[in-house]
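Enquirer: My structure is below; once you've seen it, I'll send some questions.
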Amino acid sequence: MNQGIYTVKSNRALNGSYYEMRLQGDTSSVTAPGQFINIKLDGFFLRRPISLCDWDGQSLTILYKVVGAGTEVMAELRPGQTLDVLCGLGNGFQTGGSERMPLLLGGGAGIAPLYGLAKALLRQGKQPAAILAFNTAAEIFYSREFEALGLPVRVATADGSAGIKGFVTDALAGVDYDYFYTCGPMPMYRAIERSVTTSGQYSFEERMGCGFGACMGCSCMTKNGSKRVCKDGPVFLREEIIW
Amino acid sequence: MNQGIYTVKSNRALNGSYYEMRLQGDTSSVTAPGQFINIKLDGFFLRRPISLCDWDGQSLTILYKVVGAGTEVMAELRPGQTLDVLCGLGNGFQTGGSERMPLLLGGGAGIAPLYGLAKALLRQGKQPAAILAFNTAAEIFYSREFEALGLPVRVATADGSAGIKGFVTDALAGVDYDYFYTCGPMPMYRAIERSVTTSGQYSFEERMGCGFGACMGCSCMTKNGSKRVCKDGPVFLREEIIW
Amino acid sequence: MVDTRVVLNGVTLDNPVIPASGTFGYGHEFAELYDINCLGTFSFKGTTLSPRFGNPTPRIAECTGGMINAVGLQNPGVAKVISEELPRLRTYFHKPVVANVSGFSVGEYAETCRLLDACPEVGWLEVNVSCPNVHGGGMGFGTSPEMAAAVTRAVKAVTTKPVWLKLTPNVTDIVSIAKACEDAGADGISLINTLLGMRIDLKTRKPVIANKMGGLSGSAVKPIALRMVYQVYEAVKVPVIGMGGVSSAEDVLEMMLAGATAVQVGAANLVNPFACRDIIKKLPCVMEKYGVEKLTDIIGGAHNG
Amino acid sequence: MVDTRVVLNGVTLDNPVIPASGTFGYGHEFAELYDINCLGTFSFKGTTLSPRFGNPTPRIAECTGGMINAVGLQNPGVAKVISEELPRLRTYFHKPVVANVSGFSVGEYAETCRLLDACPEVGWLEVNVSCPNVHGGGMGFGTSPEMAAAVTRAVKAVTTKPVWLKLTPNVTDIVSIAKACEDAGADGISLINTLLGMRIDLKTRKPVIANKMGGLSGSAVKPIALRMVYQVYEAVKVPVIGMGGVSSAEDVLEMMLAGATAVQVGAANLVNPFACRDIIKKLPCVMEKYGVEKLTDIIGGAHNG
Ligand SMILES: Cc1cc2nc3c(=O)[nH]c(=O)nc-3n(C[C@H](O)[C@H](O)[C@H](O)COP(=O)(O)OP(=O)(O)OC[C@H]3O[C@@H](n4cnc5c(N)ncnc54)[C@H](O)[C@@H]3O)c2cc1C
Ligand SMILES: Cc1cc2nc3c(=O)[nH]c(=O)nc-3n(C[C@H](O)[C@H](O)[C@H](O)COP(=O)(O)OP(=O)(O)OC[C@H]3O[C@@H](n4cnc5c(N)ncnc54)[C@H](O)[C@@H]3O)c2cc1C
Ligand SMILES: Cc1cc2nc3c(=O)[nH]c(=O)nc-3n(C[C@H](O)[C@H](O)[C@H](O)COP(=O)(O)O)c2cc1C
Ligand SMILES: Cc1cc2nc3c(=O)[nH]c(=O)nc-3n(C[C@H](O)[C@H](O)[C@H](O)COP(=O)(O)O)c2cc1C
Ligand code: FES
Ligand code: FES
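Residue numbers (the working numbering), protein chains in the order written: chain E, 1 to 243; chain A, 1001 to 1243; chain Y, 2001 to 2305; chain Z, 3001 to 3305.
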């Protein structure tokens, strides 16, 4: 983890109420996709945790949905403005395993960290596939960016207005996979837990005090005892999760 | 009184820790020199009351000293930034009297409202003179602006590094006047009260809750009963003040 | 069209927004700025039997997300309020007003209320047993159930108007005090008054407030206010009038979900003189955003389930 | 060169800055970020006799100028603290530490303190009779002078280390409780713990915190903390350890002028992990700005004259 002042390079509306922001600054503390950053915004006491979508040596990308006062302020930020950011938080996805065909299951804002994950898996010579789930066609974002990485992408919409009608799990049919990674809302996780048969990893969200393991604000109980979503997670192995 | 969003036109350091800021916006509620504005600053709960130094149909000038966190933020403002301002607050100086040669006695930041007052008195065909008091030569500001109005200006410095050595009252000798107006710190007022012989008007400061007469935060007792510095003042007649 | 009306002791208010006592004077300064008949009603400046100048200045200190005041119940006294303020009020406000009353003895509370009971402009009596800014004064009455009940009974005996008891948050157990007031006949519970606080000036090394301490209010206290409204709502049947840090239409909904039937706005009026008008304007739109059709539907809504 | 040292129960601290319990874990996460030996000392996470998972999540809610937490004393239990945390602590922190202790009965407090009394790493015991987040738990002990005194006596009987009682601000009369602790043998009074508060989510119409309520802390509570430190300083002779909303070197001076001998920093550590290091770095410069040569000179300075 490091703390720094990051400069907004771009900040653009995607579909729905999703935005993409690129920040310039120190990324040396980033070790894995699925990690997150924690953003201080003027006028708010707590920071806002947002997953790393992508990063290189001196910049990073986040995708965020406007859901409240803080993300509203983020959507107004202009290139050149600066932000106090804690970077490289949490343990991200573990990608060193022997699986060959990992499946990425993303829902809504949960799609963000899967993009960096897909890149990492491709770099390791694996053959990931992605299923991206949205509420409706007008919300679809980043499916093109995933495709551009050169992996098979299926889109599902809850209302059937684009891609496969239904949830992420309704798009599983005929997909070959030997492992899964997922990030998205709780109802999606429950559906996945009922449908998938392989091992895998889930990324969790929790209201956070600090984001770096100091306050015990984000604890969850696992089969290996109490864990902090921010520091020991946000990604947990399917095997250790207590539902 | 009116509330509006005002745009910073310029904001420059004068001597000492004094600054001059010009704001563009509605000045229609201004009725007299000695009135003040109340400025909302991001990150602070209460507004900051600052005297009107000068104004025209669509802009106004304030002079302020950096003394704390709020005025520090003000000093950082750049042209084009906007401020939520309550304008035209309080009763200012009363200038309709029969005096011919009013004397303006200003100390430090208290010099600000005397500038607009001098202009008003000159417009009325009166012959004002001004004594401007500072701690030291390096703090002197706006004496040239006063001179440019075409009135006699004496400068006093407490340490004698410029002008007359001493307080505003040490510069009274040989000045002819039939009325006085003053704005400055309390010790200066006490010296004036001991030295002057004519009628006159004092402008007071008090910590304010609202600045427009609603909260009774700024009350003072006068010979005419309790008054609100913000609404019934900040200027009071010598005759009504209880010291 | 959403419905913003609420009912307080049988009287229907157009909306639940009520400027809080001490931040709205007797309405005059605000009536110069906008038509204050848009308000649900308002609670006028804490009024006592005799005129009071209040505390020495400075009476105000700034805090993060709030302010301290130590005005000390400056008011012209009930006689002048009745002879001068209320007749003037009639010219610009055409709804029943909340008469906020303070006192230094049970008898004084009762006598002031008795005098105001005769005023047709007054719709409710809000009895402040909670002002932290007067020595030996109001706050003592609000820190014990027995004293708060004694004041309630004395006031109820002299008026037929609905009586709200306004409580101090500076107590260990707000619920027992609220219940004591209800048992003694209170028709409503207003909370919270200010929290006793202080600031120190680093330059002078002295308290900023001449009186040393004063009452903290503003957004900073909202979580404490919400908690107390929530607790008291569960304990009493009379309406709770919630306040403490409300400055937006969202805050009004949050306070009502906690259990408030109406919501007062205090310090926010001082920073933004149009605060209450703005809240009332935005209320329908915020109600729609959160799927609220009738405002009365959500009173105490956070207690369900 | 200004002198930032202060003395607490005979032990000289390099400076008065102490991370507050529950916001600094057992130091580990911060030791990874900076050399925490720059601290005066720190108060470790509230420790109980048995391990505790704490409350269900969400445990955190944001507020204006502060936050609510309802962690509920999650900790590994005193045995593991002694066998694992303290040995690890020794590798990165070389000063006596403050052991913060909670309990659910007088006996539990005493037993936990007795076990910690044997640890050379522990310089002080800070007995938390004020946690608002555990049912029938800590806060009950802190709301009555008698119970607070009983806990004090029981702890004092089993330890020779200095004992501070950490008090809750959710009381009518903080002074009587502080005095009762002093009379029972307390060597210091820590205040304030958090103020009971709540937030409601407008979308779900439910309390944000799973436990409904939690403890408010952060800048928002500073005026209340300053007031209580000021009041207690006048009433007791033992040192007051002040906290509540401190986030800058200026705040440290303000708290000391109110009467604090040392100053704890809580929620600020969560938002800025370097908060305490930054405060300590800026302290000399801010002392010079306000003409303070020796920090001990200003303790209680706002009470003069
Ligand atoms: C590890 C992690 C990674 C995340 N990554 C992303 C991402 O990549 N893109 C994205 O759009 N969102 C992400 N979120 C959710 C994001 O943090 C919230 O949407 C955001 O904090 C909402 O802030 P707000 O002020 O707009 O909402 P408000 O509801 O006004 O926020 C109030 C408080 O609640 C907290 N909060 C609200 N929703 C959540 C939530 N879902 N999770 C945690 N805290 C919350 C806020 O941080 C704040 O403290 C992530 C959350 C976590 C924990
Ligand atoms: C009617 C009136 C006119 C004024 N005109 C001018 C002017 O033209 N130029 C100028 O430089 N200053 C003027 N002042 C003083 C100015 O308001 C304060 O210097 C300023 O508010 C300090 O803010 P701060 O945040 O920098 O200081 P801080 O000390 O950090 O402020 C803390 C709080 O105290 C209040 N406060 C601090 N000092 C004063 C003061 N002297 N008077 C009233 N409130 C104070 C602040 O408004 C704020 O609420 C005037 C004050 C009043 C009442
Ligand atoms: C300047 C000021 C004066 C006040 N005077 C009174 C009063 O006279 N009577 C009273 O019952 N409450 C008084 N209060 C308390 C408010 O009515 C209200 O209970 C409190 O401020 C909390 O609301 P807020 O956070 O919205 O300000 C006063 C508050 C302020 C800020
Ligand atoms: C997340 C969190 C956890 C806390 N846990 C404890 C605790 O275990 N024991 C304790 O005595 N105080 C605990 N506190 C209270 C703090 O130590 C401190 O008294 C309080 O937060 C006020 O200081 P602040 O405003 O600087 O945060 C906790 C506070 C927070 C924010
Ligand atoms: S948010 Fe503080 S420990 Fe996870
Ligand atoms: S500051 Fe509110 S009445 Fe003057």
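Just so you know, even glycine gets a beta-carbon here, dropped at the ideal spot from N, CA and C. Treat the numbers as computed from the prediction; the structure is a model and nothing was measured.
#1: Applying the criterion that 16 or more other CB atoms from any shown protein chain within 10 Å of the CB defines a buried residue, is Z:I3174 buried or exposed?
#2: With DSSP collapsed to three states, give me the class of Z:A3148.
#3: So, under 8 Å CB-CB, Y:T2296 and Y:L2008 are touching, yes? Tell me the CB distance rounded to an integer number of Å.
#4: Determine the chain Z residues that contact E:F204 at a beta-carbon separation under 9 Å, and present them in chain order.
#5: Tell me where the beta strand (DSSP E) around Y:L2191 begins and ends.
#6: Give me whichever residues DSSP pairs with E:R22 in a beta bridge.
#7: Whose Cβ in chain Z lies nearer than 9 Å to the Cβ of Y:Y2230?
#8: Taking a contact to mean a Cβ-Cβ separation below 8 Å, would you say A:M1021 touches A:S1010 in this structure?
#9: Name the chain E residues that come within less than 8 Å of Z:G3065, Cβ to Cβ?
#10: Using a Cβ cut-off of 9 Å, which residues of the stretch 1186–1220 of chain A contact any Cβ in chain Y, in chain order?
#11: Scan the stretch 1002–1026 of chain A for residues whose Cβ lies nearer than 7 Å to a Cβ of chain Y and list them as they occur along the chain.
#12: A:I1005 bridges to which residues according to DSSP?
#13: So within the stretch 1178–1232 of chain A, which uninterrupted beta strand (DSSP E) runs reach at least 3 residues, ignoring any that extend past its ends?
#14: Taking 8 Å as the threshold, find out whether the stretch 1177–1184 of chain A comes into contact with the stretch 1206–1217 of chain A through three or more Cβ pairs.
#15: Is the beta carbon of Y:Q2074 closer than 8 Å to that of Y:F2053?
#16: Whole angstroms are fine: how far does the CA of E:Q201 sit from the CA of Y:V1983?
#17: Run down chain E in chain order and give the residues with a C-beta less than 8 Å from the C-beta of Z:G3022.
#18: In the DSSP assignment, find the beta strand (DSSP E) that holds Y:V2175 and state where it starts and stops.
#19: Whole angstroms are fine: how far does the CA of E:I5 sit from the CA of E:D159?
#20: Within the chosen definition, does the stretch 2210–2227 of chain Y reach the stretch 2059–2074 of chain Y through at least 3 CB pairs nearer than 8 Å?
#21: Are the C-beta of Z:P3223 and some C-beta of chain Y separated by less than 8 Å?
#22: For Z:G3136, which residues in the same chain have their Cβ closer than 8 Å to its Cβ, ignoring the five residues on either side in sequence?
#23: Go ahead and label Z:A3258 buried or exposed: buried means 16 or more other beta carbons lie within 10 angstroms of its beta carbon, across all protein chains shown.
#24: What does Z:N3269 touch in chain E if you count any residue whose Cβ is under 7 Å from its own?
#25: Going by DSSP, name the residue or residues bridged to A:L1122.
#26: Would you say the stretch 3147–3162 of chain Z touches the stretch 3014–3030 of chain Z, given that touching needs at least three Cβ pairs under 8 Å?
#27: If you reduce the DSSP assignment to three classes, tell me which class A:P1234 lands in.
#28: Can you confirm whether the stretch 2077–2090 of chain Y touches the stretch 2043–2051 of chain Y when touching is taken to mean that 3 or more C-beta pairs between the two stretches lie within less than 8 Å?
#29: For A:G1108 versus A:K1065, is the C-beta spacing smaller than 8 Å?
#30: Can you pull the chain Z residues whose beta carbon is under 9 Å from the beta carbon of E:K40, in chain order?
#31: Closer than 5 Å is what we want: which residues have a beta carbon that near any heavy atom of ligand 2? List them in chain order.
#32: So Y:Q2231 is in the alpha helix (DSSP H); what residue range does that whole segment cover?
#33: When DSSP labels each residue in this structure, what does Z:G3137 get in the three-state scheme?
#34: Determine the direct distance from the alpha carbon of A:E1072 to that of Z:G3123, and round the result to whole angstroms.
#35: Are the C-beta atoms of Y:S2219 and some chain Z residue less than 8 Å apart?
#36: Within this structure, are the beta carbons of Y:V2332 and Y:V2017 separated by less than 8 Å?
Expert: Quick answer:
#1: buried
#2: helix
#3: Contact flag wrong, Cβ pair sits at about 11 Å.
#4: The premise fails here: E:F204 is roughly 10 Å from chain Z at the closest Cβ pair, so nothing lies under 9 Å.
#5: 2188–2191
#6: E:S10, E:T61
#7: M3198, I3200, P3207, K3212, M3213
#8: yes
#9: F45
#10: E1206, R1207, M1208, G1209, C1210, G1211, F1212, G1213, A1214, C1215, M1216, G1217, C1218, S1219, C1220
#11: Q1003
#12: A:D1084
#13: 1179–1183, 1200–1203, 1219–1222, 1225–1228
#14: no
#15: yes
#16: Nothing about residue 1983 of chain Y can be reported from this structure: the residues present for chain Y run from 2001 to 2305 only.
#17: C215, M216
#18: Unbroken run through Y:V2175 is the alpha helix (DSSP H), 2174–2183; no beta strand (DSSP E).
#19: 41 Å
#20: yes
#21: yes
#22: Confidence in Z:G3136 is poor, its pLDDT being 49 and thus under 50, which makes the residue's placement too unreliable to answer from.
#23: buried
#24: A214
#25: According to DSSP, which records beta bridges pairwise, A:L1122 is partnered with nothing at all.
#26: no
#27: strand
#28: yes
#29: yes
#30: V3271, N3272
#31: A:F1036, A:L1046, A:R1048, A:P1049, A:I1050, A:S1051, A:Y1064, A:K1065, A:V1067, A:G1068, A:A1069, A:G1070, A:T1071, A:A1109, A:A1112, A:E1205, A:R1207, A:P1234, Y:E2062
#32: 2222–2235
#33: Residue placement at Z:G3137 is poorly supported in this model, since its pLDDT is 46, which falls under 50; the coordinates are not used for a value here.
#34: 41 Å
#35: yes
#36: The question about residue 2332 of chain Y has no answer, for chain Y in this structure spans 2001 to 2305.
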